[in-house]
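Structure first, then comments.
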Amino acid sequence: MTALYLHIPFCRSKCHYCSFSSCAGGEALYGPYVDALIMELTRLAEQHGATATEGLDTLFLGGGTPTCLPVELLQRVIRSSLDLFGAVPGAEISVEANPGTVERRYFETLLAAGVNRLSLGVQSFEDPELALIGRIHNRQEACSAIEAARVAGCTNISLDLMFGLPGQTPASWRNSLAKALSFNPQHLSLYQLTIEPDTRFDVFMQNHTISLPAEDDIVAMDDITAELCSAAGLRLYETSNYAAEGYQCRHNVNYWLNDDYLAAGAAAVSCRRGVRERRIADPGEYIRRINRQESVVVETEHLAREESFRETVIMGLRMVQGVSRSTLYARYGMEISEYYGVILKKLLDPGFVELTATHLRITAKGWPIANQIMAKLV
Ligand code: SF4
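In structure tokens, the structure reads:
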């Protein structure tokens, strides 16, 4: 499986909860950034003998907001990637898009370039919540963007929503989720808000300007999620992700399997043959280094065998199917029950995890304490 991630580090403005590597504005850098990104892709393809491989299984353009870029620039990036690396028949080609930056022609151009999956960052359909978290769009623009994607011909749409927002109630969460499901998306990513350091929300929390919903309300929101997603035929397959049959995000499943992936762009992280590389986050410095033919990698991590084994277990447990014992053995020559011994027994006995003939997975009883389970196995 060959997966390629491309990072577009620009946004129209910074959302109040966001800790992703992205900068607001930077329009003057759009063109030079795309030129630099294509140069890095060209080097990458040469290094990895792309022409000798069977092509990409997945290509994912994320950010930031890839759709901040004029569509012609994004089209160049996609076409260059496919020209340089090729793609297997039926490859998944995803772009993250934000309402407020897209309309039908934009989507038509992306689909013509080969994109077959759109992931829309809606976050909420309630205008007061959208304003509070600092999104650039309102409910009407979110609806228009989803409709435009459908009219353009996209048959694989994922919507991102957030719960646990300041001021959000179980009733308003029900409204947002029901509205999202009314568009019949193939996939939903539902993230609970966490307050990250150095975000505006971090400051607001310290100033007591905002407060988060009570734990009982979060539990009620979880129940609503289970009820509505099940009624809509979307199944939970990872802690935050639901999909219709056959529409799991293959690019992200590859991450959770802890398989190799290539990457390019500012702040992008790749992992190949036990070596993880992080690229410089500042887009201006990224462009300068590429133009001077210098390396853009600022951090290299060589993963030790045991560390990689444990990481694969933890990542795999995020998925409902769990982690495959035979895959682990084939990759590391280690058997999961022998490796963890008594630690695992303490999770198996009360029924928090189960060890089948093929997989280790978290049980329904274990999901509410999934983070604690993973902390024991890390
Ligand atoms: S649009 Fe996405 S990446 Fe950009 S600031 Fe908002 S959450 Fe962060």
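Residue numbers for the sequence shown, in this note's numbering: -3 to 374.
Backbone N, C-alpha and C define an ideal beta-carbon position, used for all residues, glycine too.
Using only the heavy atoms of the ligand SF4, determine whether one of them is closer than 7 Å to the beta carbon of residue 59. yes
Residue 319 versus residue 82: straight-line alpha-carbon distance, rounded: 30 Å
Please report the straight-line C-alpha distance between residue 17 and residue 269, rounded to a whole angstrom. 25 Å
Spatial distance of residue 155 from residue 7 (CA atoms): 18 Å
Given a cut-off of 8 Å, decide if residue 41 and residue 80 are closer than it, judged by their beta-carbon atoms. yes
How would you write the range of the alpha helix (DSSP H) that residue 112 sits in, first residue to last? Note, residue 112: premise wrong, no alpha helix (DSSP H); not H, not E.
I'd like to confirm something about residue 117: is its beta-carbon nearer than 7 Å to some heavy atom of the ligand SF4, or not? yes
Under the criterion of a Cβ to heavy atom distance below 7 Å, does residue 94 qualify as lining the ligand SF4? yes
To which residues does DSSP link residue 237 through a beta bridge? 185, 234
Tell me the DSSP secondary structure of residue 336 in three-state form. helix
Based on Cα-Cα distance, which residue from 304, 209, 346 lies nearest to residue 330? 304
Roughly how many angstroms lie between the CA atoms of residue 207 and residue 235, to the nearest whole one? 24 Å
Residues bridged to residue 0 (per DSSP): 55, 258
What are the uninterrupted segments assigned as beta strand (DSSP E) that are 3 or more residues long and contained completely in the segment 63 to 134, given in chain order? 83 to 93, 113 to 119
Alpha helix (DSSP H) segment containing residue 179, residue limits: Neither: residue 179 is in no alpha helix (DSSP H) and is coded neither H nor E.
Quick one: does the C-beta of residue 56 sit closer than 7 Å to a heavy atom of the ligand SF4? no
How would you call residue 326, buried or exposed, if buried means at least 16 neighbouring beta carbons within 10 angstroms? exposed
Could you spell out the range, first to last residue, of the beta strand (DSSP E) harbouring residue 249? Not the beta strand (DSSP E): residue 249 falls in the alpha helix (DSSP H), residues 246 to 252.
Looking at residue 153: is its Cβ nearer than 8 Å to the Cβ of residue 182? yes
CA-CA distance, residue 84 and residue 130? 39 Å
For residue 3, is the classification buried or exposed, using 16 other Cβ atoms within 10 angstroms of its Cβ as the cut-off for buried? buried
Taking only the alpha-carbon atoms, compute the straight-line gap between residue 39 and residue 78 and give it to the nearest angstrom. 14 Å
My assumption, with CB atoms under 8 Å, is that residue 321 sits in contact with residue 354. Please give the rounded CB distance. 6 Å
Starting from residue 154, follow its DSSP beta bridges and name the residues at the other end. 115, 183
If I measure Cβ to Cβ from residue 158 and keep anything under 6 Å in the same chain, skipping five residues before and after, which residues do I get? 119, 187, 189
Between residue 198 and the rest of its own chain, which residues show a CB-CB distance below 8 Å, the 5 nearest in sequence each way excluded? 191, 192
Out of 43, 20, 113, which has the shortest C-alpha to C-alpha gap to residue 260? 43
With a 10 Å radius around its C-beta and 16 neighbouring C-beta atoms as the bar for buried, classify residue 175 as buried or exposed. buried
For residue 225, the first and last residue of its enclosing alpha helix (DSSP H): 211 to 227
Give every residue of the same chain whose Cβ lies closer than 6 Å to the Cβ of residue 228, excluding the five residues on either side of it in the sequence, and list them in chain order. 177
Relative to the C-alpha of residue 351, which residue among 74, 365, 333, 109 is closest? 333
Cβ of residue 245 within 7 Å of any heavy atom in the ligand SF4? no
With a threshold of 7 Å (Cβ to nearest heavy atom), would residue 11 be considered close to the ligand SF4? yes
Spatial distance of residue 34 from residue 76 (CA atoms): 7 Å
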